[in-house]
Amino acid sequence: MAKFNPNMKLSLFKHTKDNQPQTIERPLDCIIESLTRPLDGVTSKDSIPLWSPTIFEGTRSGANAKEIGFLVYDIDDGVAPVSSWRLFADCVVICHTSFSHKPQHHKYRIIIPLETPIPAKDWDRASIAGKEYWDSVVGRGEPDPKALKDVARIYYRYAIPLSDPALDEWDPRRSKFNHTAVSWDDKPLLNLDYSHVEIKKPVYKAKPMPKTGKVRLDDAVLDSGFRGMIADQLGAKVVNNSAKNIICPSCGRPDVFFSIDLAMPNSQRWPKCNHLESCGWWGPLSALVGE
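Using my numbering, you'd call the opening residue of the sequence shown number 5 and step up by one each time.
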């Protein structure tokens, strides 16, 4: 038994279209047991519940991401074998094979709990440090870069297909090939240092002043000062880089959001409504200020 058993948080989802996270907080051993308990006899990925290392303030979206508590490597390229999990010997590590894992093409997920959850606003830098960590430990293959960078990523729970001839030929019971692995006795949680990572902001060139001496709204939408002024005018709640709680011109709910500084990671240029299924509105800033 490990000498420590800290509480960890994660988000649960019933299916891929579920955007209402259920946040749970459990001791680490319970989290490990949950993530490695097989859902056996699954016929389709559509029936598999999902989880996210991200804690959200509201529905699942990048704008609502608060913090990330696990470093997750989603491995699909088949270059590094599933046994690569053993190389992470200096910290707690969880591994399980993916639904489409095959003897001839390894697909799996390595999950590493973090000592301290990382704020979503820092995740662009932290994800770069996470890739550097993989390269230094494993040195081959590449975790899915989009999954690693996405602050709102969700992952399928560990499941074993009901029937797969390729796996049956390898092992009739399948469980010997589709498997999980855990190493956590007396191991520390990973302290992912990303302080050295710098992301250069793109330089936006202002358009020349028109001869009329007036600046069109469309020409000003790239300026963070102007966008902040609009957010203030609309009575928006500004959280980190996101202006939120703006009345939607389509459905009338206070769920439109946009980013203030477009040079920041994961910025949202065009305002859009959080209700993607029932509303789906998006448009220019001018639609919000009546221009």
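For glycine and all other residues, C-beta sits at the position ideal for the given N, C-alpha and C.
Cα atoms of A156 and H19: separation of roughly 14 Å, rounded to the nearest angstrom. Checking the DSSP bridge columns, you'll see N11 partnered with P31.
Following the DSSP letters along the chain, one finds L75 inside the beta strand (DSSP E) bounded by residues A69 to I79.
With respect to V186, I98 sits close: the two C-beta atoms are nearer than 8 Å. Cβ contact annotation for S271 (same chain, cutoff 6 Å, sequence separation greater than five): S263, in chain order.
Around the beta carbon of R161, 16 or more other beta carbons sit within 10 angstroms, so the residue counts as buried. Counting every other CB atom within 10 Å of its CB across the protein chains shown gives W55 a total of 16 or more, marking it as buried. Residue state for Y198 is assigned as coil, using DSSP reduced to three classes. Classified as buried, N245 has 16 or more neighbouring CB atoms from the shown chains inside 10 Å of its CB. Per DSSP, K125 lies in no beta strand (DSSP E) segment and is marked neither H nor E. When secondary structure is reduced to three states using DSSP, E37 falls in the helix class. Relative to the Cα of S131, the nearest Cα in the group E119, L266, N182 and L75 belongs to L75. A distance below 6 Å between beta-carbons, with the five flanking residues on each side excluded, links E61 to the following residues of its chain, in chain order: N68 and K70. When rounded, the separation of the alpha-carbon atoms in L196 and G134 is 7 Å.
The distance from the Cβ of L32 to that of M12 is about 5 Å, consistent with a contact at the 8 Å cut-off.
By a beta-carbon distance limit of 8 Å, D265 does not contact S290. Their separation comes to about 19 Å.
Segment contact: the segment 249–259 against the segment 277–291, three or more CB-CB distances shorter than 8 Å; contact assigned.
In this structure, I158 and F17 form a Cβ contact; the two beta carbons are roughly 6 Å apart against a cut-off of 8 Å.
When the alpha-carbon of W138 is set against those of R90, K21 and F230, the nearest one is in R90.
D44: member of the beta strand (DSSP E) spanning L43 to V46, first to last residue.
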